[in-house]
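**Q** Using the working numbering, the letters of the sequence shown map in sequence onto residues 1301 to 1484.
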Amino acid sequence: SRRYAREVREVYDVALGLTDEQKRIADFWADGAGTVTPPGHWNQIAIDLIRSNRLSDREAAVLLAALNTAQADAFIACWDAKFTYWSERPVTAIRREFDPSFLPYIVTPPFPSYISGHSTTSGAASTVLAARFPRAARQLRALADEAAVSRLYGGIHFSSDNETGLAVGRKVGRVAVDRYDLRR
């Protein structure tokens, strides 16, 4: 489709003109093998919020249960989509259409592109944390948006992978917020 062709071109153009700031963002959210991974990244953010807001042990336990349940459910939804649609990664399309020697900034994972796991878990995590820490909601949503766009900067996801991943993750996060009654 025309939209797909535009998205392939977008990834290629972004990759060719990466700024230092875009590389920093891609590196910060890479969360590859040997790291805490995307859910761990959000757990670190949660722990900082728990400490700075002095939550009790019980409050922290409930929040972490909601956070990690939401992230697990988000990944289930994400991987269900990945293996339902089996969409190609940008590197495959770019090599076919524009540049046979193209390499993305970060290593392409060996599974389908649609939808982005980072975006999905970030949408879920930021929604859960924002419900518990409403004063930080804007910052948390911005972090989720940054995690999503980091995958475009890395050259491993199309914008639609990221946008849909965020939307799915936010829906999953809202379910967890309701189930754990975090809006007290």
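Where is the CB? At the ideal position from N, CA and C, for every residue including glycine.
Treat the numbers as computed from the prediction; the structure is a model and nothing was measured.
Pop quiz: GLY1465 and ALA1448 are said to be a contact at Cβ under 8 Å. What is the actual Cβ separation, rounded to whole angstroms?
**A** In the sequence shown, counting from the first residue as 1, residue 1465 sits at position 165. In the sequence shown, counting from the first residue as 1, residue 1448 sits at position 148. Their Cβ separation, rounded to whole angstroms, is 6 Å, which keeps GLY1465 and ALA1448 in contact under 8 Å.
**Q** Check whether the Cβ atoms of THR1369 and ARG1389 lie closer than 7 Å to each other.
**A** As a first step, residue 1369 is located in the sequence shown; it is residue number 69 there, counting from the start. As a first step, residue 1389 is located in the sequence shown; it is residue number 89 there, counting from the start. Not a contact, by the Cβ cut-off of 7 Å.
**Q** Would you decide whether TYR1385 is buried or exposed? Buried here means 16 or more other CB atoms lie within 10 Å of its CB.
**A** On the sequence shown, residue 1385 is found 85 positions in, with the first residue counted as 1. Exposed is the call here.
**Q** Where do the ends of the alpha helix (DSSP H) carrying ASP1313 lie?
**A** The count along the sequence shown starts at 1 and reaches residue 1313 at position 13. Per DSSP, ASP1313 belongs to the alpha helix (DSSP H) from 1302–1316.
**Q** Assuming GLY1469 and THR1421 make a contact with CB atoms under 8 Å, what is their CB distance in whole Å?
**A** For the purposes of this step, residue 1469 is identified with residue 169 of the sequence shown, where counting begins at 1. For the purposes of this step, residue 1421 is identified with residue 121 of the sequence shown, where counting begins at 1. Your pair GLY1469 and THR1421 checks out as a contact, with CB atoms roughly 6 Å apart and the cut at 8 Å.
**Q** Could you tell me if ILE1350 is buried or exposed, where buried requires 16 or more neighbouring beta carbons within 10 angstroms of its beta carbon?
**A** In the sequence shown, residue 1350 corresponds to position 50, counting from 1. Per the 10 Å Cβ criterion, buried.
**Q** Which residue spans inside the region 1391–1475 form an unbroken alpha helix (DSSP H) run of at least 4?
**A** 1417–1432 and 1437–1453
**Q** Can you tell me which of the three DSSP states THR1319 falls into?
**A** Position 19 of the sequence shown holds residue 1319. Three-state result, THR1319: coil.
**Q** Following the continuous alpha helix (DSSP H) through GLY1340, name the residue where it begins and the one where it ends.
**A** What you label residue 1340 is simply residue 40 of the sequence shown in a count that begins at 1. Note, GLY1340: alpha helix (DSSP H), 1337–1352.
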